[in-house]
Amino acid sequence: MSHVRRTDRRSSPVAAPVSRNDSTGSDNGRGRKFLGRLSLPERNFVADALRAETVGGVLLLVAAVAALIWANTLGGSYAAVRDFHVGIGALGLDLSLQHWAADGLLAVFFFVAGIELKRELVAGELRDPKAAALPVIAAICGMAVPALVYGLVNTVGGGSMDGWAVPTATDIAFALAVLAVIGTSLPSALRAFLLTLAVVDDLFAILIIAVFFTKEIDFAALGGSVVGLAVFWLLLRKGVRGWYVYVPLALVIWGLMYNSGVHSTIAGVAMGLMLRCTRREGEEHSPGEHIEHLVRPLSAGLAVPLFALMSAGVGVTGGALADVFTRPETLGVVLGLVVGKAVGIFGGTWCAARFTKAELNEDLAWPDVFAVATLAGIGFTVSLLIGELAFDGAGALTDEIKAAVLMGSLIAAALATVLLKLRVKRYQALVAEEERDEDHDGIPDVYEQGNPAYHLRMAAIHEEKAAEHRRLAQLAGAGSDEGGRPA
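When you line the sequence shown up against our numbering, it's residues 4 to 490, in that order.
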């Protein structure tokens, strides 16, 4: 996420943000607002964060398309590059380029995810348990239901249960790239909801990878990695600075974690969670925000697109596409992403809102929540990673699972596009209202309704306009008198 967070003291929000609603609830006292207006600092933070994610998502989309074209036109060269080995065998790091992308570059992605999660826990949506309840329940249901759908399909069809976790992930960058391509801008509350879903989704994906895809553990290497993490934490606590200290240490921690048998991306998450994401007096940005600002371009612009380039290249033929809808493992992935995600997130959100008596923001409707839930069915980066881990060594089945992830994400994107376009005029009106700034002070007018200075500035602006219209009226009247009739 971007490190820019604006905290102009002149702002005086008139509605509590969705993440800050108090227990007294809405004005009428009937319950808390769900998807209400964000506070100004939180709105600006979300806007900056998602703007960066959108750029990364477009690059990810381009890399995925390039991989598909490459694999289906020059498949031999694609396989040769993907399987080319490079590294230091003595350190257990003689890996193919595909494994370097999945185990090495994605550690950078998960490092940023760790910082995002830490920030949400200490300063964002997840800080307040009452406010966090809805998006957390939605995210959990949005992972559980796709897994259940996969399990049901494979129980009936006699398929392998190894891929149950594949359709549980949401790719926020890819989802935002779809929004950018179709030209739809969501109101800030819906964008924040989608972002929080993705953060919680990442947390559980991390736990799934750590718990279910760790086979044999080398306790010596794992112990060394833990010691390295302790040193990393101690240096942070002591305020030691300098990339030349942390980057070599991070590489050692990553290498030991990889050799331990625990997936190496866990090292990235652990280091991200150790960063301080709260500001101290005199600090413009916390260390976590600053480092995230530096590392995010590397993650979004290089690490994730290269992973997509090395992983998304699967053969696409008529027979292969037909197999996606006939084989239980691949059909389970498609239905999990398209049906499971939408039903899980929407159903979990609706039930949680009913249970907590939270009232939906009157500017939005439940179909808007369903559209966002459908958009969350785009599960690309982490789904591909889990697919590789779940069916490691399965050869053709691994590629078929990847094709299912691509197909399911494509269908979810198409359905979400239709649903969002049905409400696009409403979204445009809400976004315009959120961004209107008639007094040109850099703060949207909707956040200044309780600020007397704002109303005085607006009064002066309108008085100036009124004076100008009176002058124009006098000129028009003078022109009419001279000619004996209206000019």
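Glycine included, C-beta positions come from ideal geometry on N, C-alpha and C.
CB of residue i within 8 Å of CB of residue j, strictly
i, j, result
"P138", "L189", "no"
"V152", "L338", "yes"
"S267", "R279", "no"
"G166", "V341", "no"
"I118", "E295", "yes"
"V298", "V111", "yes"
"M260", "S228", "yes"
"A104", "L309", "yes"
"N364", "L109", "no"
"E466", "Y457", "no"
"F113", "I220", "no"
"A116", "D205", "yes"
"A176", "L63", "yes"
"M164", "N157", "yes"
"T187", "L423", "yes"
"V65", "A183", "no"
"E332", "V202", "no"
"I212", "I389", "yes"
"V307", "A172", "no"
"W257", "A270", "yes"
"T377", "A407", "no"
"L155", "A178", "no"
"V427", "E436", "no"
"L225", "V265", "yes"
"L100", "V84", "yes"
"V327", "E403", "yes"
Opening and closing residue of the beta strand (DSSP E) in which residue i lies
i, result
"S99", "96–99"
N- and C-terminal bounds of the alpha helix (DSSP H) containing residue i
i, result
"H293", "290–301"
"V375", "369–378"
"I91", "I91 -> not in any alpha helix (DSSP H); beta strand (DSSP E) instead, spanning 88–91."
"M164", "That residue, M164, is in no alpha helix (DSSP H); it is neither H nor E in DSSP."
"C280", "Careful: C280 lies outside any alpha helix (DSSP H) and carries neither H nor E."
"Y81", "78–85"
"V449", "Neither: V449 is in no alpha helix (DSSP H) and is coded neither H nor E."
"A104", "That residue, A104, is in no alpha helix (DSSP H); it is neither H nor E in DSSP."
"V111", "109–126"
Local Cβ density within 10 Å of residue i, reported as buried at 16 or more and exposed below that
i, result
"K405", "buried"
"G59", "buried"
"V159", "exposed"
"F87", "exposed"
"I381", "buried"
"R330", "buried"
"I464", "exposed"
"V181", "buried"
"I494", "The question about residue 494 has no answer, for the chain in this structure spans 4 to 490."
"V421", "exposed"
"F358", "exposed"
"R439", "exposed"
"H443", "exposed"
"Q477", "exposed"
"K121", "buried"
"A135", "buried"
"R473", "exposed"
"L425", "exposed"
"A233", "exposed"
"W246", "exposed"
"W369", "exposed"
"K360", "exposed"
"P149", "buried"
"F3", "Any question about residue 3 goes unanswered here, given that the chain covers just 4 to 490."
"A469", "exposed"
Any non-hydrogen atom of the ligand MN closer than 7 Å to residue i Cβ
i, result
"G245", "Because no ligand of any kind appears in the structure shown, any question about the ligand MN cannot be addressed here."
For the stretch 244–253 against the stretch 93–105, do three or more pairs of beta-carbon atoms, one drawn from each stretch, fall closer than 8 Å, so that the two count as touching?
no
Suppose only complete runs of 3+ residues qualify. What are the beta strand (DSSP E) ranges in the stretch 176–247, listed by chain order?
none
At what residue ranges does the stretch 387–426 contain a whole run of the alpha helix (DSSP H), taking only runs of 4 or more?
399–424
Is the stretch 367–377 touching the stretch 396–414 in the sense that three or more CB pairs, one from each, lie closer than 8 Å?
no
List, from N- to C-terminal side, the alpha helix (DSSP H) runs of 4 residues or more that fit wholly inside the stretch 305–377.
307–314, 321–327, 331–338, 344–359
Pairing CB atoms from the stretch 312–326 with CB atoms from the stretch 60–75, are three or more of them under 8 Å?
yes
How about the stretch 410–420 and the stretch 209–229: do they share at least three Cβ pairs that are nearer than 8 Å?
no
Answer yes if the stretch 76–83 comes into contact with the stretch 349–356, meaning at least three C-beta pairs across the two stretches below 8 Å, and no otherwise.
no
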